[in-house]
Amino acid sequence: MCQARVFLVEGDREEEIMRDVVGIEIRPEGILLKSFFDEPKTVAGEIYEIDFLKHRVLIRPKRGKNE
Numbered sequence: 090m091c092q093a094r095v096f097l098v099e100g101d102r103e104e105e106i107m108r109d110v111v112g113i114e115i116r117p118e119g120i121l122l123k124s125f126f127d128e129p130k131t132v133a134g135e136i137y138e139i140d141f142l143k144h145r146v147l148i149r150p151k152r153g154k155n156e
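When we follow our numbering, the leftmost residue of the sequence shown carries the number 90, and every step to the right adds one.
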């Protein structure tokens, strides 16, 4: 199985926000995370790194247009 763990990264801090993620959709309201075991979750942010070997997806808060 190829589930991933998803982390929200702010500065030096990483917070795991979902595990066993099997699908990700980019939507206007945010990133929709889908899992076998939990309800889908939408996160306001942007994906900035995916590590397929470690099964990790890193998301950071969405930045404003002027940043």
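Glycine is no exception: its CB is placed at the ideal position from the N, C-alpha and C atoms. Every value quoted in this text rests on a predicted model; they were computed, and no experiment measured them.
Buried or exposed (CB count within 10 angstroms, at least 16 for buried), residue i
i, result
"G100", "exposed"
"A93", "buried"
"V110", "buried"
"G134", "buried"
Pair within 7 Å by beta-carbon distance, residue i and residue j
i, j, result
"R152", "V98", "no"
"T131", "L147", "no"
"P117", "K123", "no"
Cβ of residue i within 7 Å of any chain B Cβ
i, result
"R102", "Judged by its chain identifiers, the structure shown contains no chain B, having just a single protein chain."
**Length at least 3, wholly inside the stretch 117-150: the beta strand (DSSP E) runs in chain order** = 119-124, 130-132, 135-140 and 145-149
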